[in-house]
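Peer 1: Sharing a structure with you now.
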Ligand SMILES: Nc1ncnc2c1ncn2[C@@H]1O[C@H](COP(=O)(O)OP(=O)(O)OP(=O)(O)O)[C@@H](O)[C@H]1O
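Residue numbers (the numbering used here): 324 to 643.
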């Protein structure tokens, strides 16, 4: 299959901080890839290098078989690096039309393309409105609409669901599902689970190294040693992943003090893997955890039964 993005031994440092360390990867046409890594792992840096906005210190970057130099490749590759910034004085349609005309389209072709991308992102009803009336989630959709102009063959989406509540995040995932056959998508996110429906492959970025999984199924094996239940020293041990959006003072110590808890470790910023003994009653531990949150007036983002796919992958890689 044709390789549309090829990185060979790409390294990038900022001062003494090495962000990418000899990264090599091949991404083929038509196969969406999820790029997953913690805050500061280097996802945006990698995207910026692919766009040609940043230069790698060493190694080779090829897009569609051509070594990246300048911005010619941006005719075929578009990027949603951040939310689109739109002028509050112009309508959404007229601004998108202007961007479309930058792709060398006539006014008529540009209008046709604008109608198409607004339709794809469910924003047709807002064409005449100004962007300032859009919610944060709608602005994300508008940014995706902009990235679709000119029908690029590859679209890089840097955290398209960041800061959105689960409903809006789901809407964006649905749009990405709808457009995934129109272009090869490379989507960065902190939350692998959100991308599971869209991307058959995952590229994990950690400590400057990039590893591309074979397939989601290879990460999420039912017999995985990191699934929710395991036996340690003859005792049934369960695993739960807790995600919070804020720093909660005393959280780790208070969870450790719950009777069933064996270990709690931070796996990412605001994400904890808790191992605990099953109690006599179903969901005994979950109840005590929820009580703890309610007593402390804390909020959580997610409880995940077992480990996250991302952590399963890293545990498997470390075991090899
Ligand atoms: N222009 C720059 N100058 C100095 N350091 C930088 C620069 N750009 C990025 N960095 C550093 O490089 C590291 C990787 O940053 P990058 O934004 O690529 O990570 P990321 O994976 O996209 O993070 P996040 O998920 O938080 O957006 C960070 O430590 C960041 O502070």
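The C-beta atom is built at its ideal place from N, Cα and C for all residues, glycine as well.
#1: Throw me the rounded Cβ distance for the residue 346 and residue 533 pair, which I believe falls under 8 angstroms.
#2: Using 8 angstroms as the threshold, is the segment 449-463 in touch with the segment 368-379, meaning 3 or more CB pairs across them?
#3: Look at the alpha carbon of residue 542 and the alpha carbon of residue 441, and state the distance between them as a whole number of angstroms.
#4: Which residues in the same chain as residue 476 place their Cβ atom closer than 8 angstroms to its Cβ, once the five residues preceding and following it in sequence are excluded?
#5: Identify every residue that forms a DSSP beta bridge with residue 349.
#6: Report the option in 458, 502, 469 whose CA atom is closest to the CA atom of residue 487.
#7: Can you list, in chain order, the residues of its chain whose CB lies under 6 angstroms from that of residue 627, leaving out five sequence neighbours each side?
#8: Quick one: is residue 549 buried, meaning 16 or more other Cβ sit within 10 Å of its Cβ, or exposed?
#9: Taking the straight line between their C-alpha atoms, what separation do you get for residue 461 and residue 409?
#10: Any contact between the segment 465-479 and the segment 426-436? By contact I mean 3 or more CB pairs, one from each, below 8 angstroms.
#11: Taking contact to mean at least 3 C-beta pairs separated by less than 8 angstroms, is the segment 606-625 in contact with the segment 577-590?
#12: May I ask which residues mark the beginning and end of the beta strand (DSSP E) holding residue 626?
#13: Determine the DSSP secondary structure at residue 368, reduced to helix, strand or coil.
#14: Is any non-hydrogen atom of ligand 1 found closer than 7 angstroms to the C-beta of residue 382, if you look at the structure I gave you?
#15: Here's the rule: buried if 16 or more other CB atoms are within 10 angstroms of the residue's CB, otherwise exposed. What is residue 569?
#16: According to DSSP, is residue 437 part of a helix, a strand, or is it coil?
Peer 2: Let me lay it out:
#1: In the chain shown, counting from the first residue as 1, residue 346 sits at position 23. In the chain shown, counting from the first residue as 1, residue 533 sits at position 210. Your pair residue 346 and residue 533 checks out as a contact, with CB atoms roughly 4 angstroms apart and the cut at 8 angstroms.
#2: No, the segment 449-463 does not touch the segment 368-379.
#3: Residue numbering aside, residue 542 sits at position 219 when the chain shown is read from its first letter. Residue numbering aside, residue 441 sits at position 118 when the chain shown is read from its first letter. For residue 542, the predicted structure reports a pLDDT of 48, less than 50, and the residue's modelled location is therefore unreliable. A value from the coordinates is still provided. In a straight line, the C-alpha of residue 542 is about 36 angstroms away from that of residue 441.
#4: Sequence index remark: in the chain shown, residue 476 carries index 153 (1-based). Only 327, 352, 387, 399, 400, 506, 507 meet the Cβ criterion.
#5: Within the chain shown, the letter at position 26 stands for residue 349. Residue pairing for residue 349: DSSP places it in a beta bridge opposite 329.
#6: Translated into the one-based positions of the chain shown, residue 487 becomes position 164. Cα-wise, what sits closest to residue 487 is 458.
#7: The residue labelled residue 627 in the question sits at position 304 within the chain shown. Excluding residues within five positions, the ones whose Cβ falls inside 6 angstroms are 564.
#8: If you number the chain shown from 1, residue 549 lands on position 226. Confidence is the limiting factor: at residue 549 the pLDDT is only 46, short of 50, which leaves the residue's position unreliable and the question unanswerable from this model.
#9: Numbered from 1 along the chain shown, position 138 holds the residue referred to as residue 461. Numbered from 1 along the chain shown, position 86 holds the residue referred to as residue 409. Distance between the alpha carbons of residue 461 and residue 409: 12 angstroms.
#10: Yes, they touch.
#11: When C-beta atoms of the segment 606-625 are compared with those of the segment 577-590, three or more pairs fall below 8 angstroms, so the two segments count as touching.
#12: As a working note, residue 626 is residue 303 in the chain shown. In the DSSP assignment, residue 626 falls within the unbroken beta strand (DSSP E) covering 625-628.
#13: To locate residue 368, count along the chain shown from 1; it is residue 45. Helix, per DSSP.
#14: Here residue 382 corresponds to residue number 59 of the chain shown, with the count starting at 1. No, ligand 1 has no heavy atom inside 7 angstroms of this Cβ.
#15: Here residue 569 refers to the residue found at position 246 of the chain shown. Its Cβ having fewer than 16 others within 10 Å, residue 569 is exposed.
#16: Locating residue 437 in the chain shown gives position 114, where the first residue counts as 1. Correct three-state label for residue 437: helix.
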